[in-house]
Amino acid sequence: MQEENLQARMLLQVHDELILEAPEEEIEKLKDVVASVMEQTVELSVPLEVDYSYGPTWYDAK
């Protein structure tokens, strides 16, 4: 996120979820950056898919 000069920050990791806070105008770019890093960090024999959602609260994003 820093390399992309995003204001977003990671608030929390809960099991296999990351909770991030970001300005609304960064959401599309942030989705691409986070998914790319998460999917390419480790080479696996099966594809790793990243799902995402967003909203004004964690509850709304679920």
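Letter by letter, the sequence shown follows residues 646 to 707 in our numbering.
We treat Cβ as the ideally placed atom computed from N, Cα and C, and that holds for glycine.
Note that the structure is a prediction, hence the values are computed from the model and not measured.
*With distances taken between CB atoms, is the gap from A667 to Q652 smaller than 8 Å?*
Start at 1 with the first residue of the sequence shown, and residue 667 comes out as number 22. Start at 1 with the first residue of the sequence shown, and residue 652 comes out as number 7. By the CB criterion at 8 Å, A667 and Q652 fall inside the cutoff.
_Close Cβ partners of I684 (< 7 Å) along its chain, the five nearest in sequence each way excluded_ = As a first step, residue 684 is located in the sequence shown; it is residue number 39 there, counting from the start. The sequence shown places Glu at residue 684, not Ile. Hits under 7 Å: L693, V695.
*asked:* Once DSSP output is grouped into helix, strand and coil, what is the label at L675?
replied: For the purposes of this step, residue 675 is identified with residue 30 of the sequence shown, where counting begins at 1. It is helical.
*Are Y697 and K676 closer than 8 Å when you measure CB to CB?*
Mapped onto the sequence shown, residue 697 falls at position 52. Mapped onto the sequence shown, residue 676 falls at position 31. It is a contact, given that the beta carbons lie within the stated cut-off.
*Taking R654 and L665 to be in contact with their CB atoms under 8 Å, please state how far apart those CB atoms are, rounded to whole angstroms.*
Counted from its first residue, the sequence shown places residue 654 at position 9. Counted from its first residue, the sequence shown places residue 665 at position 20. Their Cβ separation, rounded to whole angstroms, is 7 Å, which keeps R654 and L665 in contact under 8 Å.
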